[in-house]
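J.: Supplied in structure tokens, the structure appears directly below.
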Amino acid sequence: MGVALPPRVPRRWFRHAIPLAVFLLLLYYFCAWSLRARSGCQSGAQSCISEGPPPLQTQQQSRPPEAPQLEKPQCLGPRGMLSRMMRRFRDSLNTEGDVELSHYLAGWRELIRFLTPLGSIFAFATGEAFNKVTALEARVHGPDAVHYKTLAGMVEWERRAGLLELPGIAPRNYATSSGSRTMLLLHRALHWSQLCLHRVATEMLEGPDAGEQCNDAYSKALAPHHSWLVRQAVRLAFLSFPGRGRLLKLACPGTREAEARATLARAAGTLENVYNQTQGLLARRGLLQLA
Numbered sequence: 000m001g002v003a004l005p006p007r008v009p010r011r012w013f014r015h016a017i018p019l020a021v022f023l024l025l026l027y028y029f030c031a032w033s034l035r036a037r038s039g040c041q042s043g044a045q046s047c048i049s050e051g052p053p054p055l056q057t058q059q060q061s062r063p064p065e066a067p068q069l070e071k072p073q074c075l076g077p078r079g080m081l082s083r084m085m086r087r088f089r090d091s092l093n094t095e096g097d098v099e100l101s102h103y104l105a106g107w108r109e110l111i112r113f114l115t116p117l118g119s120i121f122a123f124a125t126g127e128a129f130n131k132v133t134a135l136e137a138r139v140h141g142p143d144a145v146h147y148k149t150l151a152g153m154v155e156w157e158r159r160a161g162l163l164e165l166p167g168i169a170p171r172n173y174a175t176s177s178g179s180r181t182m183l184l185l186h187r188a189l190h191w192s193q194l195c196l197h198r199v200a201t202e203m204l205e206g207p208d209a210g211e212q213c214n215d216a217y218s219k220a221l222a223p224h225h226s227w228l229v230r231q232a233v234r235l236a237f238l239s240f241p242g243r244g245r246l247l248k249l250a251c252p253g254t255r256e257a258e259a260r261a262t263l264a265r266a267a268g269t270l271e272n273v274y275n276q277t278q279g280l281l282a283r284r285g286l287l288q289l290a
């Protein structure tokens with residue numbers, strides 16, 4: 000007994016049924032997704048989160064994470080002595096190529112505070128510098144203060160007033176010395192400080208130690224202007240000079256040696272800029288041999 004076969008379905012029906020079925024499936028999927036999104040957003044459920052972020056978010060998320068900014072060492076912070084010193088000295092360099100005396104002396108005050116704890120040799124040097132700064136401040140804030148605003152103005156006024164000493168003739172004390180002569184002595188001391196700090200910051204680890212470097216800087220900047228007795232006393236003081244590592248820790252505490260070196264080099268660079276501008280002013284006025 001044979002099996003009855005189903006009637007043949009026309010091919011035309013298949014041609015229309017398949018696209019219709021695909022369309023209905025897509026419509027069903029779209030409606031289900033839409034209802035799911037609405038119910039999730041209205042109820043605050045996690046299903047409200049879309050499958051993919053909007054284009055702007057995608058662009059933001061595709062960026063590599065930014066590296067965290069390194070904090071400045073404390074010695075370069077707003078309250079750090081090095082930061083205050085550098086700011087004061089930078090402020091002393093005006094746009095006309097002159098040196099503002101009040102800012103210059105304020106920078107020296109900060110430099111003295113910075114150098115004093117670094118060792119006995121610095122205490123010796125800063126003690127002398129303190130007396131000179133105090134004497135010059137008495138003129139900057141004294142009855143003739145109008146003539147002591149800038150280095151160039153001070154030199155011109157003291158020359159006209161006959162206050163400049165003859166080269167080689169030293170006054171009895173800083174109180175009776177001219178402001179120009181006192182400025183020259185501070186200028187030389189600043190050169191030694193700059194050379195010493197720069198060499199401590201940049202010298203190779205296997206090179207001469209900090210004491211030898213700063214002693215060499217003294218020989219270049221100050222020794223030619225000191226008596227034999229003073230030179231011998233200074234050289235003895237260098238024997239107790241702290242090592243480079245200790246000096247860097249005192250100069251910029253709480254930092255690694257590389258950071259302390261970079262910080263000290265920046266400070267030395269600021270002092271060098273001040274020294275160069277002052278040197279040019281004094282040289283053009285023939286005052287480098289005043290003392």
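Heads up: the sequence shown begins at 0 in numbering that gives the first Met the number 0, then just goes up one per residue.
Even glycine gets a Cβ: it sits at the ideal position worked out from N, Cα and C.
Owing to the predicted nature of the structure, the values given are computational and were not obtained by experimental measurement.
DSSP three-state call for L92: helix, strand or coil?
T.: Position 93 of the sequence shown holds residue 92. Reduced to three states, the DSSP call for L92 is strand.
J.: Just to confirm, are Y103 and H190 a CB contact at a threshold of 8 Å?
T.: On the sequence shown, residue 103 is found 104 positions in, with the first residue counted as 1. On the sequence shown, residue 190 is found 191 positions in, with the first residue counted as 1. Contact: no.
J.: As a quick exercise: from R159, L185 and E258, pick the residue whose alpha carbon is nearest that of A307.
T.: Coverage of the chain is limited to positions 0 through 290, which leaves residue 307 absent and any answer about it impossible.
J.: Between the beta-carbon of A151 and the beta-carbon of L280, is there less than 8 Å?
T.: As a first step, residue 151 is located in the sequence shown; it is residue number 152 there, counting from the start. As a first step, residue 280 is located in the sequence shown; it is residue number 281 there, counting from the start. Closer than 8 Å, so yes.
J.: Identify, in the order they occur along the chain, each residue of the same chain with its Cβ nearer than 7 Å to the Cβ of S179, setting aside the five sequence neighbours on each side.
T.: Taking the sequence shown and counting its residues from 1, the one referred to as residue 179 is at position 180. Within the same chain, S179 has close Cβ partners M153, V154, E157, L163, L286 and L289.
J.: Consult DSSP for E292 and reduce its assignment to one of helix, strand or coil.
T.: Limits of the chain in this structure are 0 at one end and 290 at the other, which puts residue 292 out of reach.
J.: If I measure Cβ to Cβ from F121 and keep anything under 8 Å in the same chain, skipping five residues before and after, which residues do I get?
T.: What you label residue 121 is simply residue 122 of the sequence shown in a count that begins at 1. Counting only Cβ-Cβ distances below 8 Å, and skipping sequence neighbours, we find L114 and T115.
J.: For G118, count neighbouring C-beta atoms within 10 Å of its own C-beta (all shown protein chains included) and say buried if the count is 16 or more, exposed if not.
T.: Counted from its first residue, the sequence shown places residue 118 at position 119. Its Cβ being crowded by 16 or more others within 10 Å, G118 is buried.
J.: Could you tell me whether the region 135-152 touches the region 215-231, using the rule of 3 or more Cβ pairs below 8 Å?
T.: Taking 8 Å as the limit for Cβ pairs, the verdict is that the region 215-231 does not touch the region 135-152.
J.: Check this for me: beta carbons of L135 and T201, under 8 Å apart or not?
T.: Reading the sequence shown from its first residue, position 136 is the one you call residue 135. Reading the sequence shown from its first residue, position 202 is the one you call residue 201. Result no, Cβ atoms of L135 and T201 do not sit closer than 8 Å.
J.: Helix, strand or coil, according to DSSP, for T149 in the structure here?
T.: In the sequence shown, counting from the first residue as 1, residue 149 sits at position 150. Note: T149 maps to strand in three-state DSSP.
J.: For G79, which of P170, L249 and Q231 has the nearest alpha-carbon?
T.: Residue mapping note: residue 79 aligns to position 80 of the sequence shown, counting from 1. Nearest of P170, L249 and Q231 to G79, Cα basis: L249.
J.: Kindly indicate the opening and closing residues of the alpha helix (DSSP H) around A220.
T.: The residue given as residue 220 occupies position 221 in the sequence shown. It spans A209 to A220 - the alpha helix (DSSP H) in which A220 sits, taken as one unbroken run.
J.: Using the Cβ count rule (16 or more neighbours within 10 Å means buried), how would you classify V139?
T.: Within the sequence shown, residue 139 is the residue found at index 140, counting from 1. Buried: at least 16 other Cβ atoms inside 10 Å.
J.: Identify the residues that DSSP records as bridge partners of E258: which are they?
T.: Here residue 258 refers to the residue found at position 259 of the sequence shown. Partner(s): none; E258 has no beta bridge.
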